[in-house]
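Here's the structure we're looking at; comments come further down.
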Amino acid sequence: MKLTDKVAIITGAASGMGKAMATLFALEGARLVIADIDDKGSEQTVNEINSTNGKAIFVHTDVSKSSDVKNLIDATIDEFSKIDILVNNAGIFMKMTPIEEIDETVWDRIYSVNVKGIFHGTKYVVPVMKKSGGGIIINTASMTGQRPGSMQSAYASSKGAAITLTKALASELAPFKIRVNCICPALTETPMLFNSELWKHVSEAPHPLGRLSKPEDIAHAALYLASDDASMVTGICLEITGGQGV
């Protein structure tokens, strides 16, 4: 197993890509902390992991709130005494909107989760990782952060910021043996996509490999970055796109 005895925090793990990551990490031997605002979904993730001889706990966390994220880190240390891996996966989407029609509160909310959430998680986990001699941080960005589409200015720019933040942190933290990478998925079959106006469009569009990405595809990419297989990998943005945008 690739993550035996590792302790991993995954935000946004109540469903979708985060849940798939948590499930796979547990199968690979990690102990999990599920962080999300969706209590019901998170408890289901925890129960599924624990029912298959894994170990997981849930900590209610709004990543846009500094106090919530600090509590998440403290609760993890209280339970497991260490943190090896942090996956800043929590993110939110918004409907396609012309720039002149975007409400400032919506813009701010997108950035508070998609960018500030990464800042909060990293800020509070880095002292723990420095003390233990290293660690791994994985941020979920998006292909849209590199190749934005029309009427996606808030979401696309927030994911572009996540990519740049990843690279800046990788440079800063490499001397402390902390690797920082990000994953850039294309549109993936998750509840967030199913509930958006994009679903009908993307489900009918042609895809080079003949299908959309699934959460499990993203989870395997995260597993690679979290494992010793990627011990010389930091500062990259790993695209999981099925050939879209090539």
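Sequential numbering of the sequence shown, starting at 676, is according to my numbering. Idealized CB from N, CA, C, for every residue including glycine.
For residue j and residue i, the rounded distance between their alpha carbons
i    : j    : result
A731 : F700 : 11 angstroms
A831 : A896 : 21 angstroms
F869 : G691 : Because the pLDDT of F869 is 49, which lies under 50, any placement of that residue in the model is unreliable, and the number read from its coordinates should be weighed accordingly. The alpha-carbon atoms of F869 and G691 are separated by roughly 11 angstroms.
R795 : L900 : According to the sequence shown, residue 795 is His rather than Arg. Spanning the two alpha carbons is a distance of roughly 21 angstroms.
V721 : K805 : 28 angstroms
V801 : L761 : 10 angstroms
I777 : I911 : 31 angstroms
K681 : G810 : 10 angstroms
A765 : V788 : 7 angstroms
is_contact[residue i, chain B] using C-beta, thresh 7 angstroms
i    : result
I785 : This model lacks chain B altogether; it includes just one protein chain.
Outcome for residue i when other beta-carbon atoms lying within 10 angstroms are tallied against a minimum of 16
i    : result
N728 : exposed
S888 : buried
G885 : exposed
K770 : exposed
I774 : exposed
P860 : buried
D904 : exposed
K715 : exposed
M696 : buried
D711 : buried
According to DSSP, residues forming a beta bridge with residue i
i    : result
K745 : Bridge partners of K745: none, in fact.
H735 : D711
E914 : C859
G619 : Residue 619 falls outside the range modelled here, since the chain spans only 676 to 921, and no answer is possible.
T815 : I858
I685 : I709 and V762
Nearest neighbour of residue i, chosen from the options [CA to CA]
i    : options                   : result
Y786 : P773, A829 and T698       : A829
P890 : L862, T909 and G792       : L862
I709 : T698, I724, I685 and G716 : I685
I858 : L678, V908, G716 and I712 : V908
S742 : Y799, N725, K715 and A905 : Y799
G918 : L898, A894 and P883       : P883
Residue i vs residue j beta-carbon contact at 7 angstroms
i    : j    : result
G820 : I793 : no
A689 : L707 : no
V803 : I853 : no
Heavy atom of the ligand ADP within 6 angstroms of residue i beta-carbon
i    : result
G729 : Ligands displayed in this structure: none; no statement on the ligand ADP is therefore possible.
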